[in-house]
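The end of the first sequence is residue 656 by our numbering, with every number in the run present.
By construction, the Cβ of each residue, glycine as well, lies at the ideal position given by its N, Cα and C atoms.
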Amino acid sequence: MVIIQFPDNSIKKFPSGTSALDVANSISEGLARNVLAAKVNNKVIDTLIPLEENNQLKLELLTWKDDQGKETMWHSSAHLMAEAIHFYYPKVKFAIGPPIEHGFYYDMEFPKETSFSSESFLKIEKKILELAKEKNEYKRKLVTKKEAIKYFTEKNNNYKLELINDLEDGQITFYQQGQFIDLCKGPHIPHTGHIKAVKLLNVAGAYWKGDEKNKQLTRIYGISFPKKKELTSHLERLEEAKKRDHRKIGKNMSLFMFSKKVGQGLPLWLPKGAFLRSQLVDFMKQTQLKFGYQPVITPHIGSKELYVCSGHYDKYGEDSFQPIKTPDANEEFFLKPMNCPHHCEIYKSEPRSYKDLPIRFAEFGTVYRYEQSGELHGLTRVRGFTQDDAHIFAMPHQVQSEFESVIDIVLYVLKAMGFDKYIAQISLRDPKKKEKYIGSDENWQLAEEAIIQSAKNKNLETTIEYGEAAFYGPKLDFMIKDAIGRKWQLGTIQVDYNLPERFQLEYKGSDDKMHRPVMIHRAPFGSLERFIALLIEHTGGNFPLWLTPVQFIILPISKKYNEYCYKLLNSIKNYDIRGHVDDRNETTGKKIRDAELKKIPYMLIIGEKEVTENQISVREHGGNNLGSIKEGDLMQMIKEKIDKEIEKN
RNA sequence: GCUGACGUAGCUCAGGGGUAGAGCACUUCCUUGGUAAGGAAGAGGUCGGGAGUUCAAAUCUCCUCGUCAGCUCCA
């Protein structure tokens, strides 16, 4: 007897041997047709296996509408793709093939003589759909470790054997659909027929077990859907997202550029981009003054000794830009990869008393890091960038409140820029790889606890990632997704007990003894380059009015009004609002179209009527016509809008 | 750095061994206009760079630089 409790709390009894699919069938044919997996007592399982008897089970039937339903479907799709690839390339060794946030991938080793590229996608997609039509069941089979090892030894698949080695005997399952058998813990969808549309997206290299010392396998990414239409709209969404790519918008709106001659990953800010950036810097400067920060300025290079002291040399020296040498070659300098060592030296420049603390040194420090060429990416990953950096030197008992006050700044900034979806990630050290970090266990524990506690006090919803800490201390990172869903770290706050030790930083306490301060590293924007990249992708180039480089454009209906328009422009400039006149010999329709494409918020149209009535005809970006307005009223309206934007900050 | 793809006019792209193409942008002229493209003419490129194969290379081969997707890395 199988006793089932449904999500609506109703309870029903079924005969022994009943599977989740049978239950679905008893409810409706439609549900049975759509059910992909089952959640029993919160564990996702196959729909085909008989449900456990006697104990009452909580059962939820999962379909495409459920995230775990999608996940199951994509996992099964990975198997099906493997079957199709196996059909054309029988010698391929399969490694792992999991579902991911949007779709799935499978890592595999192609025989040396076989090269695989995206040209083969079409025939594989075709084969997948062909196999899908066969509606083959995903059959689960419990095997012994011995059997599993025997099977994959015969297949000569060292990857699966390695995986089996780590598994416990008695827990090992194979899944078979059609002619394809795979080591897999499941669960899977009932049969391949659910997969109605599939698209292979790209092929890439991926290291076995994510370790670059291991062999690089071929990874094929794909996505599948239960309806063709959903695939089409998914692909359309991807196309839409590409239009928000900051590299594309940056080019179109003349915000920034790169030049091969200047160098890879070294952005050049064009006048409009530089303006936007300076608005952000001014905003942050003001914010930091309010929060008690003191600006400092340090040079772009520092001696090797400085970084040996901080530990950066040991950690990154080899992978940095190579040192700059003085003519007699006795001295070596590095391009500044971080501002903290310089700030430590400023701290040390005079004796500090407990009465001085906390001390907060802030600098828009431009730093240079030799990032691997394959990792460079528009403005989000560059080799020269500017941090809105600051270092807080505090007494141990002040760490908590200082940390929380930085969280306030970060949240304030994110909100002001309209980033309402962010991920707050607590980045701790990998306890298994302590050799990657400097400092004592005790210091790490103190620092990690301080962060976890602060996040808790601020009611932040956080995720924890091990192995993501900086080498000198743990972090609280604020991540934002870009147009195609990649996560980027923007704001970061780090607690550091280690650099103060390395730099022998001290302050005199009320007990007349010397004590060691704790450092907090923090950057609410993170890097201005990356922040602006994400700002572009989120706004699609339609920036908040206070940030936008060109706020209005005056469009004379014909050149008869050009002179009047320039007078108007001069008058408007007194209001501290930015714009210019489009005096080209073009029709009004053309000028409007161009202004729309340039995403200019206000178009001020001037013709016969406006000149005689001394009014301005105003069109907003996007097509909204505000009608005729007096100059003063319009300026007040724009001013108010800007004030509101900054006020919400 | 690794795997795969791509580099043709300022931008978006077509062409694919035999004299370099389109649309937009740009310049000049005509037109003087009313809320997303008025008309005409013109200028603009050693087809990323280098070597090779060939009578002949933008096109084929190799190398190199850069860009894109992913992996690894990310102070």
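For LYS343, count neighbouring Cβ atoms within 10 angstroms of its own Cβ and tell me buried if that reaches 16, exposed if not.
Taking the first sequence and counting its residues from 1, one reaches residue 343 at position 336. Buried.
What is the DSSP secondary structure of ILE459, counted as helix, strand or coil?
Mapped onto the first sequence, residue 459 falls at position 452. Of the three classes helix, strand and coil, the one that applies to ILE459 here is helix, per DSSP.
Under 8 Å, do ALA401 and PRO524 count as touching if we go by C-beta distance?
Locating residue 401 in the first sequence gives position 394, where the first residue counts as 1. Locating residue 524 in the first sequence gives position 517, where the first residue counts as 1. Yes. Within cutoff.
Quick one, are the C-beta atoms of MET345 and GLY548 less than 8 Å apart?
For the purposes of this step, residue 345 is taken as residue 338 along the first sequence, with counting starting at 1. For the purposes of this step, residue 548 is taken as residue 541 along the first sequence, with counting starting at 1. No, the pair does not count as a contact, with Cβ atoms beyond the cut-off.
Please report the residue range of the alpha helix (DSSP H) in which ASN32 lies.
Within the first sequence, residue 32 is the residue found at index 25, counting from 1. Segment 27 to 34, the alpha helix (DSSP H) holding ASN32.
When the distance is taken between beta carbons, is GLU59 closer than 8 Å to LEU138?
For the purposes of this step, residue 138 is taken as the residue at position 131 of the first sequence. For the purposes of this step, residue 59 is taken as the residue at position 52 of the first sequence. Going by C-beta atoms, LEU138 is not nearer than 8 Å to GLU59.
Can you give, in chain order, each stretch of the beta strand (DSSP E) that sits fully within the region 295 to 328 and has at least 3 residues?
Taking only runs of at least 3 residues, the beta strand (DSSP E) segments lying wholly in the region 295 to 328 are 308 to 310.
Quickly, what does DSSP pair ASP503 with across the bridge? List them, please.
One-based indexing of the first sequence puts residue 503 at position 496. Bridge partners of ASP503: MET526.
Apply the 10 Å Cβ neighbour rule to HIS93 and answer buried if 16 or more other Cβ atoms are within range, or exposed otherwise.
Taking the first residue of the first sequence as position 1, residue 93 is located at position 86. By the neighbour-count rule (16 or more Cβ atoms within 10 Å), HIS93 is buried.
Within 10 angstroms of its Cβ, does ASN450 collect 16 or more other Cβ (buried), or is it exposed?
Here residue 450 refers to the residue found at position 443 when the first sequence is read from its first residue. Answer is buried; the Cβ neighbour count reaches 16.
Grab the span of the beta strand (DSSP E) containing TYR609 for me, first residue to last.
The residue labelled residue 609 in the question sits at position 602 within the first sequence. Start and end: 609 to 613.
Which parts of the region 32 to 120 are runs of the beta strand (DSSP E), unbroken and 3 residues or longer, counting only runs that do not cross its ends?
Entirely contained in the region 32 to 120, the beta strand (DSSP E) runs reaching 3 residues are, in chain order, 44 to 47, 50 to 52, 63 to 69, 110 to 116.
So, using beta-carbon positions, are CYS347 and LEU512 closer together than 8 Å?
The residue you call residue 347 lines up with position 340 of the first sequence. The residue you call residue 512 lines up with position 505 of the first sequence. Not a contact, by the Cβ cut-off of 8 Å.
Take HIS304 and list the residues in its own chain whose beta-carbon comes closer than 8 Å to its own, dropping the five residues that flank it on each side.
The count along the first sequence starts at 1 and reaches residue 304 at position 297. It should be noted that the sequence gives Ile, not His, for residue 304. Result list for ILE304: GLU370, in chain order.
Determine the DSSP secondary structure at GLU154, reduced to helix, strand or coil.
Position 147 of the first sequence holds residue 154. It is helical.
Can you list the beta strand (DSSP E) stretches of 3 or more residues lying completely in the region 330 to 395, in chain order?
If we require 3 residues or more, the beta strand (DSSP E) runs fully inside the region 330 to 395 come out as 339 to 342, 366 to 375.
Among the residues of its own chain, which have a CB less than 7 Å from the CB of ASN656, if the five just before and after it don't count?
Walking along the first sequence from the start, residue 656 turns up at place 649. Bear in mind that a pLDDT of 49 at ASN656, under 50, signals an unreliable position, so the number given afterwards is only what the model happens to contain. Taken in chain order, the residues that qualify are TYR419, ALA423.
So GLN432 and MET486 are in contact, right, with Cβ under 8 Å, and what is the actual spacing, rounded?
Working through the first sequence from its first residue, we reach residue 432 at position 425. Working through the first sequence from its first residue, we reach residue 486 at position 479. Contact holds; Cβ gap of about 6 Å.
Should ARG284 and LEU535 be called a contact, given that it needs their Cβ atoms to be closer than 8 Å?
Position 277 of the first sequence, counted from the first residue, corresponds to residue 284. Position 528 of the first sequence, counted from the first residue, corresponds to residue 535. Yes, the Cβ-Cβ distance between ARG284 and LEU535 is below 8 Å.
Alpha carbon to alpha carbon, how far is ILE560 from ASN631?
Here residue 560 refers to the residue found at position 553 when the first sequence is read from its first residue. Here residue 631 refers to the residue found at position 624 when the first sequence is read from its first residue. For ILE560 and ASN631, the distance between alpha carbons rounds to 15 Å.
Roughly how far, in whole angstroms, is the beta-carbon of PHE478 from the beta-carbon of CYS316, given that I think they are within contact range, below 8 Å?
Stepping through the first sequence from its first residue, residue 478 is reached at position 471. Stepping through the first sequence from its first residue, residue 316 is reached at position 309. About 14 Å separates the two Cβ atoms, so there is no contact after all.
Taking only the alpha-carbon atoms, compute the straight-line gap between ARG359 and GLY586 and give it to the nearest angstrom.
As a position in the first sequence, residue 359 is number 352, starting the count at 1. As a position in the first sequence, residue 586 is number 579, starting the count at 1. Rounded to the nearest angstrom, the two C-alpha atoms are 49 Å apart.
What three-state label does DSSP hand LYS148 in the structure shown?
One-based indexing of the first sequence puts residue 148 at position 141. Here LYS148 sits in strand by DSSP.
Just the Cα atoms here: how many angstroms apart are PHE550 and LYS482?
Position 543 of the first sequence, counted from the first residue, corresponds to residue 550. Position 475 of the first sequence, counted from the first residue, corresponds to residue 482. Spanning the two alpha carbons is a distance of roughly 30 Å.
Which word fits GLU78, buried or exposed, when buried means at least 16 other C-beta atoms lie within 10 angstroms of its C-beta?
In the first sequence, residue 78 corresponds to position 71, counting from 1. Under this definition GLU78 is a buried residue.
Tell me, which residues are paired with ALA397 by DSSP?
Along the first sequence, one-based indexing puts residue 397 at 390. Partner(s): ALA369, ARG529.
Please tell me whether LEU208 and GLY229 are closer than 8 Å, where the distance is taken between their beta carbons.
Start at 1 with the first residue of the first sequence, and residue 208 comes out as number 201. Start at 1 with the first residue of the first sequence, and residue 229 comes out as number 222. Yes.
Kindly indicate which three-state DSSP category SER565 falls into: helix, strand or coil?
To locate residue 565, count along the first sequence from 1; it is residue 558. SER565: coil per DSSP, three-state reduction.
My understanding is that GLN301 touches ARG367, with C-beta atoms under 8 Å, so please give their C-beta distance in whole angstroms.
Position 294 of the first sequence, counted from the start, is the residue given in the question as residue 301. Position 360 of the first sequence, counted from the start, is the residue given in the question as residue 367. At roughly 6 Å, the Cβ-Cβ gap stays under 8 Å, so GLN301 and ARG367 are in contact.
Looking at the unbroken alpha helix (DSSP H) that takes in LYS443, where does it start and where does it end?
For this step, residue 443 is matched to residue 436 along the first sequence. No alpha helix (DSSP H) holds LYS443; DSSP gives it neither H nor E.
Leaving aside the five residues before and after SER84 along the sequence, list all residues of the same chain whose C-beta is less than 6 Å from its C-beta, in chain order.
Indexing the first sequence from 1 puts residue 84 at position 77. Counting only Cβ-Cβ distances below 6 Å, and skipping sequence neighbours, we find PHE111, ILE202, SER231.
Between the Cα of ILE135 and those of GLY200, ASP114, LYS255, spot the shortest distance and give me the residue it belongs to.
Here the question's residue 135 lines up with position 128 in the first sequence. If we check each option's Cα against that of ILE135, GLY200 comes out closest.
Please go through the same chain and pick out, in chain order, the residues whose beta-carbon is closer than 7 Å to the beta-carbon of ALA457, but skip the five residues on each side of it.
The sequence position of residue 457 within the first sequence is 450, counting from 1. Once the five neighbours on either side are set aside, the close Cβ partners of ALA457 are VAL406, GLN407, PHE410, VAL502.
Can you tell me which residues form a DSSP beta bridge with MET8?
For the purposes of this step, residue 8 is identified with residue 1 of the first sequence, where counting begins at 1. DSSP, once it has assigned bridges, lists no residue as partnering MET8.
Rounded to the nearest angstrom, what separates ASN505 and SER122 at their Cα positions?
Within the first sequence, the letter at position 498 stands for residue 505. Within the first sequence, the letter at position 115 stands for residue 122. C-alpha separation (whole angstroms): 49 Å.
Anyone know if the C-beta pair for PRO194 and ILE10 falls short of 8 Å?
For the purposes of this step, residue 194 is taken as residue 187 along the first sequence, with counting starting at 1. For the purposes of this step, residue 10 is taken as residue 3 along the first sequence, with counting starting at 1. No. Outside cutoff.
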